[in-house]
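Asks: Structure incoming, see below.
2 protein chains.
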Amino acid sequence: MHTADAVETIQREMTVFARRARAAAGRMHPELSLVSYTLLGHLEESGGCRATDLAVHYALDKSTVSRQVAGLERAGLIERRPDAADQRVQVLHLTGAGRHILAQVTESRRAAFRERLADWPAEDLSRFADYLVRYNASPGPGRQE
Amino acid sequence: MHTADAVETIQREMTVFARRARAAAGRMHPELSLVSYTLLGHLEESGGCRATDLAVHYALDKSTVSRQVAGLERAGLIERRPDAADQRVQVLHLTGAGRHILAQVTESRRAAFRERLADWPAEDLSRFADYLVRYNASPGPGRQE
DNA sequence: GTCAGGTGGTTGGGTTGTGCAACCATGGAG
DNA sequence: CTCCATGGTTGCACAACCCAACCACCTGAC
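Going down the list, the protein sequences come from chains E and W. Going by my numbering, the first residue of the first sequence is number 1, and it counts up by one from there. Going by my numbering, the first residue of the second sequence is number 146, and it counts up by one from there.
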């Protein structure tokens with residue numbers, strides 16, 4: 001009983017969050033959509049990867065990633081480097097400008113979150129973060145083909 | 146510092162979740178989009194409300210809600226009832242069919258979540274759920290209620 | 001009464017994110 | 001070399017948005 005309720009709550013609240021996050025993201029940073037931001041973040045975190053890797057990781061179609069990447073390149077935020085080992089592959093890297101924008105947006109997003117989470121005990125915060133990581137790390141229905 | 150890390154992780158993981166959830170939702174229930182599902186759920190939970198209420202609650206534009214509602218009505222899942230006190234208002238209610246579909250989708254979504262969360266201790270689950278509720282309940286940049 | 005301004009809801013127009021399918025180019029067996 | 005798999009792009013369609021303009025109704029001031 002407890003568990004079923006919790007599961008239901010989690011699904012509902014996650015969905016609400018998703019909706020609001022997207023709405024808020026556009027308002028805060030019209031110049032860098034939530035998608036683009038996420039992809040840039042992944043690039044920074046991974047230190048460069050292929051478009052296909054992004055697609056797999058975010059359960060996006062490769063065409064979607066391709067277009068996003070094209071936009072980011074057009075904006076000068078990332079660059080493509082050939083892979084010596086495989087001519088088909090383009091390794092994506094952040095440019096200086098990309099790194100700069102990413103840092104800016106990250107900071108302002110972080111500030112918004114921090115404000116929202118201001119009155120949370122540190123222990124709850126880290127536990128919450130841990131739960132989210134654990135949740136996302138687990139193989140879900142939507143991926144892992 | 147711990148807190149900054151946790152905040153950053155939360156923001157990142159929430160975003161990842163949002164992306165995957167949306168991708169997965171369409172695959173699982175092509176007949177009832179994530180948005181529609183959410184709106185139906187709210188209608189059930191609230192026992193009927195106005196379109197404007199939905200818009201405010203989900204930080205959506207009223208036009209968006211209007212179109213969603215139109216679709217749901219066309220599909221026979223909800224019905225509009227006049228408000229005796231205010232002729233402008235249409236109170237939205239689930240129909241029998243709407244209730245039926247909602248229950249179906251909820252069940253299958255719940256099953257997917259449950260599977261994903263199967264190996265979580267009950268205590269962690271309820272705490273996770275609690276965190277999400279608390280997070281969403283707090284006034285955010287997108288305003289609340 | 002009537003007229004103004006506010007609120008619930010719809011519609012037109014445009015943007016973005018997305019998937020699917022078809023396509024090209026390269027890589028790797030056989 | 002041939003055949004198929006893989007990384008990536010492009011055409012097309014669609015869903016979900018938002019903004020702005022609009023209609024209908026409510027409310028309060030006159």
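Note that CB positions come from ideal geometry on N, CA and C, so glycine has one too.
Identify, in the order they occur along the chain, each residue of the same chain with its Cβ nearer than 6 Å to the Cβ of W:Tyr182, setting aside the five sequence neighbours on each side.
Replies: Here the question's residue 182 of chain W lines up with position 37 in the second sequence. Only Val250 meet the Cβ criterion.
Asks: If we call anything under 8 Å between Cβ atoms a contact, is W:Gly186 one with W:Leu247?
Replies: Here residue 186 of chain W refers to the residue found at position 41 when the second sequence is read from its first residue. Here residue 247 of chain W refers to the residue found at position 102 when the second sequence is read from its first residue. Their beta carbons are under 8 Å apart, which means W:Gly186 touches W:Leu247 by this criterion.
Asks: Return the chain-ordered list of same chain residues with a C-beta closer than 6 Å to the C-beta of E:Val65, the five sequence neighbours on each side being excluded.
Replies: Position 65 of the first sequence holds residue 65 of chain E. Closer than 6 Å at Cβ, skipping near neighbours: Ala51, Leu54, Ala55.
Asks: Say whether chain E places a C-beta atom closer than 8 Å to the C-beta of W:Ala274.
Replies: Reading the second sequence from its first residue, position 129 is the one you call residue 274 of chain W. So, interface residue.
Asks: For a test of the three-state rule: what should DSSP assign to W:Gly195, helix, strand or coil?
Replies: Here residue 195 of chain W refers to the residue found at position 50 when the second sequence is read from its first residue. Inspection of the sequence shows that residue 195 of chain W is occupied by Arg rather than by Gly. W:Arg195: coil per DSSP, three-state reduction.
Asks: When we look at the beta-carbon of W:His202 and count the other beta-carbons within 10 Å, is it buried (16 or more) or exposed?
Replies: The count along the second sequence starts at 1 and reaches residue 202 of chain W at position 57. W:His202 is buried by the Cβ-count criterion.
Asks: Under the three-state reduction of DSSP, which class applies to E:Leu72: helix, strand or coil?
Replies: The count along the first sequence starts at 1 and reaches residue 72 of chain E at position 72. Three-state DSSP puts E:Leu72 in a helix.
Asks: For the pair the segment 227–243 of chain W and the segment 81–89 of chain E, tell me if three or more CB-CB distances fall below 8 Å.
Replies: In short, these stretches do not touch, since the Cβ pair count stays below three.
Asks: Tell me the residue span of the beta strand (DSSP E) that contains E:His29.
Replies: Counted from its first residue, the first sequence places residue 29 of chain E at position 29. It is not in any beta strand (DSSP E) - E:His29 carries neither H nor E in the DSSP assignment.
Asks: Under the three-state reduction of DSSP, which class applies to W:Asp264: helix, strand or coil?
Replies: The sequence position of residue 264 of chain W within the second sequence is 119, counting from 1. Here W:Asp264 sits in coil by DSSP.
Asks: Expressed to the nearest angstrom, what Euclidean distance is found between the alpha-carbon atoms of W:Ser178 and W:Tyr276?
Replies: Position 33 of the second sequence, counted from the first residue, corresponds to residue 178 of chain W. Position 131 of the second sequence, counted from the first residue, corresponds to residue 276 of chain W. If you take the alpha carbons of W:Ser178 and W:Tyr276, they lie about 26 Å apart.
Asks: For W:Ala296, tell me which candidate among W:Gln156, W:His174, W:Met159, W:Val152 has the shortest Cα-Cα distance.
Replies: Residue 296 of chain W lies beyond the residue range present for chain W, which begins at 146 and ends at 290; the question has no answer from this structure.
Asks: At a CB-CB cut-off below 8 Å, which residues of chain W make contact with E:Ala59?
Replies: Here the question's residue 59 of chain E lines up with position 59 in the first sequence. Near E:Ala59 (Cβ distances below 8 Å), the residues of chain W are Arg164, Arg165, Ala168, Ala169.
Asks: Quick check on this structure: which residue in E:Arg114, E:Gly48, E:Arg109 has the alpha carbon closest to the alpha carbon of E:Val89?
Replies: Counting from one through the first sequence, the residue named residue 89 of chain E turns up at place 89. Of the listed residues, the one whose Cα sits closest to E:Val89 is E:Gly48.
Asks: Just curious, the beta strand (DSSP E) that E:Asp86 is in, first and last residue?
Replies: Working through the first sequence from its first residue, we reach residue 86 of chain E at position 86. Counting along the chain, the beta strand (DSSP E) containing E:Asp86 begins and ends at 86–94.
Asks: Looking at the unbroken beta strand (DSSP E) that takes in E:Asp147, where does it start and where does it end?
Replies: No information on residue 147 of chain E is available, as it lies outside the stretch 1 to 145 that chain E covers here.
Asks: In whole angstroms, give me the CA-to-CA distance for E:Asp119 and E:Arg20.
Replies: Against the first sequence, residue 119 of chain E aligns to sequence position 119. Against the first sequence, residue 20 of chain E aligns to sequence position 20. Looking at the two C-alpha atoms, the distance is approximately 20 Å.
Asks: Consult DSSP for W:Asp275 and reduce its assignment to one of helix, strand or coil.
Replies: Position 130 of the second sequence, counted from the start, is the residue given in the question as residue 275 of chain W. Helix, per DSSP.
Asks: Quick test of your reading: E:Ala23 and W:Ala204, contact by CB under 8 Å. State the CB separation rounded to the nearest angstrom.
Replies: Counted from its first residue, the first sequence places residue 23 of chain E at position 23. Counted from its first residue, the second sequence places residue 204 of chain W at position 59. Rounded, the Cβ-Cβ distance is 4 Å, consistent with contact.
Asks: Run down chain E in chain order and give the residues with a C-beta less than 9 Å from the C-beta of W:Leu239.
Replies: For this step, residue 239 of chain W is matched to residue 94 along the second sequence. Within 9 Å Cβ-Cβ: nothing; W:Leu239 doesn't reach chain E, min ~16 Å.
Asks: Can you find a C-beta in chain E that's less than 8 Å from the C-beta of W:Leu177?
Replies: Stepping through the second sequence from its first residue, residue 177 of chain W is reached at position 32. It does not: the Cβ of W:Leu177 has no partner Cβ on chain E nearer than 8 Å.
Asks: Look up E:Asp5 in the DSSP assignment and say whether it is helix, strand or coil.
Replies: In the first sequence, residue 5 of chain E corresponds to position 5, counting from 1. Helix.
Asks: Can you name the residues of chain E whose CB is closer than 7 Å to the CB of W:Val278?
Replies: On the second sequence, residue 278 of chain W is found 133 positions in, with the first residue counted as 1. Ordered by position in chain E, the residues that pass the 7 Å Cβ test against W:Val278 are Thr9, Glu13.
Asks: Going straight from the alpha carbon of E:Val16 to that of E:Leu77, what length do you get?
Replies: As a working mapping, residue 16 of chain E is identified with position 16 in the first sequence. As a working mapping, residue 77 of chain E is identified with position 77 in the first sequence. If I take the Cα positions, the gap works out to 31 Å.
Asks: Of the residues W:Met159, W:Thr148, W:Glu153, which one's Cα is nearest the Cα of E:Ala137?
Replies: For the purposes of this step, residue 137 of chain E is taken as the residue at position 137 of the first sequence. With distances taken between Cα atoms, E:Ala137 lies closest to W:Met159.
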